[in-house]
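Residue numbers (this note's numbering), protein chains in the order written: chain U, 154 to 448; chain V, 154 to 448.
What follows is the structure, given as structure tokens:
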């Protein structure tokens with residue numbers, strides 16, 4: 154499998170979905186819809202949405218019918234980036250090689266564009282009903298996403314991350330940040346795909362554990378790339394974590410041990426997929442790719 | 154009917170619900186849950202939530218089972234106030250007589266508290282399933298709320314309001330702002346109550362028109378109070394609209410004509426309730442109360 158090509162194919166499907174589920178850029182008032190599209194179509198790899206599709210695929214469900222769920226996850230990811238980049242938060246000027254939303258559209262519009270994407274994500278999840286899913290399942294999926302995006306997930310991680318700047322965190326605190334700030338959405342992305350594909354208890358539990366390990370491995374390798382990568386490759390300023398004294402794995406464990414920790418999580422993720430057949434290959438390659446990025 | 158007492162009774166029920174549906178203030182990380190509760194329990198009258206309860210009541214449904222919906226509407230209202238008050242938006246220091254969220258907890262936490270309340274609103278709507286509503290109806294309600302809170306509702310109104318500062322708006326533009334910034338959430342509040350109470354088409358359409366007229370009357374009378382009220386009564390600085398050259402009815406039409414426009418909308422709202430019996434009395438009194446506030 155050429156994983157990057159497979160990912161790109163899924164990203165294209167997701168981009169088409171996003172374009173369809175969002176109001177057009179010209180919809181009144183245009184400024185907010187332009188801001189939403191500027192950030193949402195800034196060249197994200199659609200990894201979260203692709204994992205939603207891939208989890209359902211591993212269980213034999215076709216991609217297109219769960220597209221609203223994949224798109225909703227990407228909207229939430231995009232909202233969280235817009236708000237994270239705000240001057241009052243991480244104060245970042247570049248994201249994926251482009252000026253951040255608030256630099257282009259102003260702070261007020263950026264705040265509202267984030268709010269709008271979060272809101273649109275839930276409206277988009279409701280569109281699963283057009284794909285003839287049981288309404289009960291749709292409510293379960295909406296709850297899963299809302300909890301993952303809330304203070305027991307994404308927002309909780311962001312709060313603790315901001316609180317920890319400039320301090321040396323304990324390993325437990327660092328794990329809390331990563332499991333929540335990055336991990337919660339990966340976990341929800343995979344679980345939503347699995348739930349919509351009617352995963353039985355064993356499959357759901359294996360995919361959930363895969364997602365948690367994947368999310369940790371993703372964040373650990375992201376920390377490494379921030380430290381060792383360059384601006385062109387990353388599309389954002391490198392060594393920002395260091396400059397802001399962010400809680401990171403390399404800062405706590407050093408480079409060598411951090412690489413080992415990433416490899417350990419990837420192994421864990423792959424083990425959890427042993428009960429699945431070849432249809433889980435995209436999920437497997439996704440985990441392997443994380444190690445490839447830092448090799 | 155002593156309307157203020159009836160409203161207070163509903164507010165108490167809603168406050169109990171909010172306390173139950175929210176993580177406790179001590180839940181980790183406590184700072185965000187403290188910020189959420191600080192703003193949410195800052196003494197709001199719970200008018201939107203009460204209208205949700207009252208719309209269902211007008212159709213003979215008891216209050217308690219639709220409490221999650223009433224609470225979700227109040228969470229969204231509270232999130233919109235926290236974000237509106239931010240320095241990049243309206244830059245307000247006081248709300249309901251207390252320092253605004255970002256003054257007490259800092260801007261980053263205030264942004265995240267707003268995000269969290271919006272997210273929690275959708276998680277709370279999912280709890281309607283505990284009240285044995287049809288999942289199909291719950292999805293319909295979630296979609297109704299998401300659309301009302303999005304760029305075709307609340308956020309659209311906020312964008313145009315910010316864009317219009319310092320300019321003289323046309324009457325059409327002013328109506329757009331009010332119908333969206335304030336009106337969309339009132340409309341959704343009433344419609345959600347009606348939908349959950351299985352309103353037939355005629356009742357739903359009458360209640361929707363009631364809500365739109367009520368929302369306009371509310372905003373017009375709010376504009377009047379901002380101009381003529383005082384800080385102690387309002388709990389926020391008076392004449393802020395004037396200072397910020399906000400688009401308002403009095404600025405466009407003068408005091409006298411603005412009072413007439415409010416009375417006109419209240420009459421319209423009351424007319425729409427003519428098909429209902431005594432159980433719609435709370436809705437009727439709510440509309441009459443708007444005129445009492447400015448008399």
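All C-beta atoms in this analysis are idealised placements derived from N, C-alpha and C, irrespective of residue type, glycine included.
- [ ] Can you grab the Cα-Cα spacing for the pair residue 252 of chain U / residue 276 of chain V, in whole Å?
- [x] 33 Å
Task: Cross-chain neighbours of residue 279 of chain V in chain U, by beta carbon under 7 Å - done: 292, 295, 296 and 299
TODO: Count the CB pairs spanning the region 319 to 328 of chain U and the region 351 to 361 of chain U that are closer than 8 Å, and state whether there are at least three.
DONE: no
Task: Same chain, Cβ closer than 8 Å to residue 373 of chain V, five either side skipped, listed in chain order - done: 331, 402, 411, 414, 415 and 418
Open item on the list: Is there a C-beta anywhere in chain U that falls below 8 Å from the one on residue 275 of chain V?
Closed with: yes
TODO: Just the C-alpha distance for residue 192 of chain U and residue 250 of chain U, rounded to the nearest angstrom, thanks.
DONE: 12 Å
- [ ] For chain U, find out if any of its Cβ atoms is closer than 8 Å to the Cβ of residue 309 of chain V; answer yes or no.
- [x] yes
- [ ] Quick one: measure Cβ to Cβ for residue 262 of chain U and residue 188 of chain U, integer angstroms, because I've assumed they're closer than 8 Å.
- [x] 5 Å
- [ ] Identify every residue that forms a DSSP beta bridge with residue 252 of chain V.
- [x] V:247
- [ ] Quick one: give me the first and last residue of the alpha helix (DSSP H) that residue 234 of chain V is part of.
- [x] 220 to 237
TODO: For residue 242 of chain U, count neighbouring C-beta atoms within 10 Å of its own C-beta (all shown protein chains included) and say buried if the count is 16 or more, exposed if not.
DONE: buried
Open item on the list: Given this structure, state the Cα-to-Cα distance separating residue 423 of chain U from residue 440 of chain U, to the nearest angstrom.
Closed with: 7 Å
TODO: Could you tell me the distance, in whole angstroms, from the CA atom of residue 366 of chain V to the CA atom of residue 335 of chain V?
DONE: 11 Å
- [ ] Whole angstroms is fine: what's the gap from residue 235 of chain V's alpha carbon to residue 432 of chain V's?
- [x] 34 Å
Task: Distance between beta carbons of residue 294 of chain U and residue 208 of chain U, contact taken as under 8 Å - done: So it is not a contact: roughly 12 Å between Cβ atoms.
- [ ] Quick one: give me the first and last residue of the alpha helix (DSSP H) that residue 461 of chain V is part of.
- [x] Outside the displayed range of chain V (154 to 448) lies residue 461 of chain V, so it cannot be described from this structure.
- [ ] Please specify which runs of the beta strand (DSSP E), each continuous and at least 3 residues long, are wholly inside the region 268 to 342 of chain V, giving them in chain order.
- [x] none
Open item on the list: Please identify, using Cβ separations under 8 Å, the residues of the region 177 to 204 of chain U that lie next to chain V, in order along the chain.
Closed with: 180, 181, 182, 184, 185, 186 and 189
TODO: Figure out for me which residue from V:375, V:267 and V:308 has the closest Cα to the Cα of residue 442 of chain V.
DONE: V:375
- [ ] Answer yes or no: does any C-beta atom of chain U fall closer than 8 Å to that of residue 173 of chain V?
- [x] no
Task: residue 268 of chain V beta carbon less than 8 Å from that of residue 400 of chain V - done: no
Open item on the list: So with CB distances below 7 Å, who are the chain U contacts of residue 303 of chain V?
Closed with: 269, 272, 273 and 276
TODO: Tell me whether residue 160 of chain U is buried or exposed, calling it buried when 16 or more other Cβ atoms sit within 10 Å of its Cβ.
DONE: buried
Task: residue 254 of chain U versus residue 229 of chain U - alpha carbon distance - done: 15 Å
Open item on the list: Using beta carbons (cut-off 8 Å, strictly below), is residue 343 of chain U in contact with chain V?
Closed with: no
TODO: Using a Cβ-Cβ cut-off of less than 7 Å, give me the residues of the region 231 to 243 of chain U that come near chain A, in sequence order.
DONE: Here chain A cannot be found, since the structure's protein chains are U and V.
Task: Minimum Cβ-Cβ distance from residue 316 of chain V to chain U less than 8 Å - done: yes
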